[in-house]
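Heads up, the thing below is written out as structure tokens.
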Amino acid sequence: SNAYNLRKPDSISGSWSGDIKVQIPSTGISIDELSRLLRERLGHETHVSGEVWRDGDRIALTVRDGTSLARTFEGKPSDLSLLMDKAADALLRQTQPFVYVSLLAQRNDAHGIIALSRQLILNGSASDRALAYTYWANALANLGEDHAAIHPYARGIALAPGDPMSSFFAVNADIALDHGEAFAEHAAMAARLFGTSAARIYRPEALANAIPSANSMLAQTQGDFANAARNDAIAAQYAFSDYENIGALVTVADLARGHDPAAARAILADHPDYTDGKAVVLLDFVGPQLPVSFIDADMGDWRGVLASLSSADRVALKSGTSNDARHTLIWPWLAYALAKTGNMAGARALIAKTPLDCTRCLEYRGRIAALARDYPRATDWYARASADAPSEPFAMTDWGQMLLAKGDYDGAIAKLETANRIGPHFADPLEMWGEALIRKNRSDLALAKFAQAAKYAPNWGRLHMKWGEALWWSGDHDGARKQFAVAAQLALILSEKTELARVSHG
């Protein structure tokens with residue numbers, strides 16, 4: 002159970018490892034003697050006893066822990082090892098139920114976790130009951146019952162509001178249902194609480210993975226993908242609950258969303274199993290990631306996105322536990338890919354099937370309407386998505402991009418300025434803000450926006466191309482040529498390559 006047991010043993014009531022510390026005047030009694038006496042008299046020591054005997058051609062093994070009824074296991078003499086395993090299992094459940102829950106997690110026994118956790122929430126300290134609620138909710142999320150998981154996650158947070166793990170795991174339901182504001186709030190709460198003394202109850206090896214993971218999630222909600230990728234890499238270095246086997250998958254996705262597809266592809270080349278389907282099935286571990294599609298989308302390969310997401314949808318459907326993620330993650334992206342490849346009717350039909358309490362689903366309704374140049378409808382959806390998750394900058398950025406495309410440069414700048422205030426390290430609104438200033442014949446002002454954006458997306462080809470354009474119009478032709486040369490070495494979609502060829506020749 003150790004690989005899945007997050008808390009230090011002495012932080013759980015009734016732990017075998019609990020120590021007693023006392024001060025003794027000159028009494029002639031040693032610390033060890035008094036500690037042994039107190040444990041025996043006050044119940045902080047668990048005595049396990051038992052015996053094995055023959056009954057004809059069979060054997061029986063009885064074990065007792067001194068507080069519960071004896072348990073007897075019978076079998077053939079050759080079954081002794083199996084009987085010992087069963088006895089140990091029974092003793093662990095009786096004496097260390099929270100550790101036993103971790104063993105059930107290792108066995109992937111979600112129904113067993115739910116049954117035991119519902120017993121554990123009835124008694125014990127607030128901290129222990131909060132832990133039981135979190136175990137219960139995690140098991141529900143693993144079964145794909147994300148709506149049902151919301152209440153026990155909330156109860157866990159309410160019982161132990163200073164416990165970082167309660168909010169850290171609550172993001173599982175937020176992500177699967179794409180409740181954007183709840184995700185942002187819980188990620189921020191976890192990242193903050195991991196820096197307090199409350200985190201000391203957790204094992205150092207668990208914190209080594211959880212802290213950078215929480216920091217990554219918080220950065221993702223703010224569009225700070227370079228920072229997210231740095232934290233992903235730290236989390237992936239630590240082997241906890243097999244996370245190191247899939248941790249780099251998150252790094253791939255964040256690099257792609259941070260406009261560094263070359264670096265993302267380099268990692269993906271070493272991990273051919275990192276498919277979108279695998280990411281969706283492992284959503285509780287890696288978050289809302291589509292590593293292959295994020296790379297293809299950044300490169301403008303929307304047919305590649307269609308193929309990858311269609312495969313991922315089949316994998317998620319077959320899993321039986323990823324239905325919510327199909328509706329809130331795969332379908333919005335798939336609908337948008339349909340629209341980008343000219344199938345507007347298919348896009349509208351699919352996006353209409355997605356839930357209205359999903360932030361991404363609202364945002365992508367706006368994206369699809371904007372592609373169809375239905376600007377009033379797109380505006381309504383962007384407004385709803387922005388109100389649904391006011392702590393995330395993505396819908397506001399899309400709104401600004403739409404206004405930029407239709408020629409409303411002042412309106413675009415207003416939205417992009419708001420997006421930048423929400424996510425100051427999100428490169429996209431800064432880059433688009435610079436483009437809007439170029440179109441307003443204020444390339445001199447655009448230079449600062451491009452320079453700022455480059456801090457957060459240094460390998461973004463389009464950014465350097467537009468930065469060069471602003472330098473050219475500002476009269477710095479040497480500086481412009483340097484930026485054009487940088488852009489030429491980075492990833493560009495076909496239309497951007499054509500544009501670069503045009504602007505770099507004056």
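Using my numbering, read the sequence shown as starting at 2 and increasing by one per residue. Just so you know, even glycine gets a beta-carbon here, dropped at the ideal spot from N, CA and C. No experiment lies behind these values; they were computed from the predicted model shown.
What separation, rounded to the nearest whole angstrom, lies between the Cα atoms of residue i and residue j?
{"i": "residue 134", "j": "residue 100", "result": "15 Å"}
{"i": "residue 490", "j": "residue 497", "result": "13 Å"}
{"i": "residue 425", "j": "residue 417", "result": "11 Å"}
{"i": "residue 95", "j": "residue 359", "result": "42 Å"}
{"i": "residue 488", "j": "residue 324", "result": "41 Å"}
{"i": "residue 205", "j": "residue 165", "result": "14 Å"}
{"i": "residue 19", "j": "residue 122", "result": "Confidence at residue 19 is low in this model, with a pLDDT of 44, below 50, so the placement of that residue is unreliable and no value is reported for it."}
{"i": "residue 111", "j": "residue 173", "result": "15 Å"}
{"i": "residue 328", "j": "residue 175", "result": "13 Å"}
{"i": "residue 478", "j": "residue 506", "result": "11 Å"}
{"i": "residue 415", "j": "residue 439", "result": "15 Å"}
{"i": "residue 97", "j": "residue 211", "result": "24 Å"}
{"i": "residue 187", "j": "residue 326", "result": "19 Å"}
{"i": "residue 451", "j": "residue 398", "result": "16 Å"}
{"i": "residue 167", "j": "residue 271", "result": "34 Å"}
{"i": "residue 90", "j": "residue 337", "result": "50 Å"}
{"i": "residue 130", "j": "residue 170", "result": "15 Å"}
{"i": "residue 158", "j": "residue 405", "result": "42 Å"}
{"i": "residue 492", "j": "residue 501", "result": "12 Å"}
{"i": "residue 107", "j": "residue 372", "result": "47 Å"}
{"i": "residue 213", "j": "residue 236", "result": "6 Å"}
{"i": "residue 287", "j": "residue 259", "result": "17 Å"}
{"i": "residue 152", "j": "residue 354", "result": "25 Å"}
{"i": "residue 486", "j": "residue 109", "result": "53 Å"}
{"i": "residue 503", "j": "residue 481", "result": "13 Å"}
{"i": "residue 233", "j": "residue 296", "result": "17 Å"}
{"i": "residue 9", "j": "residue 410", "result": "56 Å"}
{"i": "residue 23", "j": "residue 252", "result": "Any reading at residue 23 must be qualified, since the residue scores a pLDDT of 46, below 50, and its modelled position is unreliable; the value itself is stated next. One C-alpha to the other measures close to 49 Å."}
{"i": "residue 470", "j": "residue 149", "result": "52 Å"}
{"i": "residue 83", "j": "residue 74", "result": "10 Å"}
{"i": "residue 364", "j": "residue 273", "result": "31 Å"}
{"i": "residue 377", "j": "residue 305", "result": "30 Å"}
{"i": "residue 369", "j": "residue 407", "result": "15 Å"}
Taking Cβ positions, are residue i and residue j nearer each other than 7 Å?
{"i": "residue 247", "j": "residue 283", "result": "yes"}
{"i": "residue 352", "j": "residue 374", "result": "no"}
{"i": "residue 154", "j": "residue 102", "result": "no"}
{"i": "residue 185", "j": "residue 387", "result": "no"}
{"i": "residue 394", "j": "residue 361", "result": "no"}
{"i": "residue 294", "j": "residue 307", "result": "no"}
{"i": "residue 384", "j": "residue 413", "result": "no"}
{"i": "residue 314", "j": "residue 142", "result": "no"}
{"i": "residue 339", "j": "residue 348", "result": "yes"}
{"i": "residue 345", "j": "residue 379", "result": "no"}
{"i": "residue 250", "j": "residue 230", "result": "no"}
{"i": "residue 484", "j": "residue 468", "result": "yes"}
{"i": "residue 203", "j": "residue 7", "result": "yes"}
{"i": "residue 342", "j": "residue 303", "result": "yes"}
{"i": "residue 200", "j": "residue 160", "result": "no"}
{"i": "residue 50", "j": "residue 65", "result": "yes"}
Could you tell me which of the options sits nearest to residue i, measuring between CA atoms?
{"i": "residue 223", "options": "151, 181, 490, 150", "result": "181"}
{"i": "residue 178", "options": "200, 207, 201, 145", "result": "145"}
{"i": "residue 198", "options": "183, 163, 212", "result": "163"}
{"i": "residue 113", "options": "232, 124, 139, 125", "result": "139"}
{"i": "residue 495", "options": "298, 288, 482, 368", "result": "298"}
{"i": "residue 453", "options": "421, 152, 196, 405", "result": "421"}
{"i": "residue 330", "options": "105, 132, 292", "result": "292"}
{"i": "residue 389", "options": "427, 207, 54, 183", "result": "183"}
{"i": "residue 442", "options": "118, 476, 427, 423", "result": "476"}
{"i": "residue 509", "options": "290, 150, 225", "result": "This structure cannot settle anything about residue 509, because the visible part of the chain is limited to 2 through 507."}
The segment 444-463 contacting the segment 416-436, beta-carbon criterion three pairs below 8 Å: Short answer: they touch.
Within the segment 77-126, ranges of the alpha helix (DSSP H) (whole runs, at least 4 residues): 81-96, 98-107, 111-121
Could you tell me whether the segment 182-202 touches the segment 212-229, where touching means 3 or more Cβ pairs closer than 8 Å? By the Cβ criterion, the segment 182-202 is in contact with the segment 212-229, since at least three pairs of Cβ atoms, one from each stretch, lie closer than 8 Å.
With three or more beta-carbon pairs closer than 8 Å as the criterion, would you say the segment 53-67 touches the segment 76-84? yes
Three Cβ pairs or more, each shorter than 8 Å: is that satisfied between the segment 310-321 and the segment 264-279? yes
State whether the segment 265-273 contacts the segment 461-478, with contact taken as three or more CB pairs (one from each stretch) at a distance under 8 Å. Under the Cβ criterion (8 Å, minimum of three pairs), the segment 265-273 does not count as touching the segment 461-478.
Identify every run of the alpha helix (DSSP H) within the segment 374-405, keeping only runs that are complete inside it and at least 4 residues long; order them along the chain. 376-389
Alpha helix (DSSP H) segments (min. 4 residues) lying fully within the segment 193-221: For secondary structure counted as the alpha helix (DSSP H) over 4 or more consecutive residues, the segment 193-221 holds no complete run.
Mind listing, in chain order, the continuous alpha helix (DSSP H) runs of no fewer than 4 residues lying wholly within the segment 298-381? Listed in chain order, the complete alpha helix (DSSP H) runs (minimum 4 residues) inside the segment 298-381 are 303-320, 332-341, 345-352, 360-372.
Ordered list of alpha helix (DSSP H) runs contained in the segment 145-176, each at least 4 residues: 147-160
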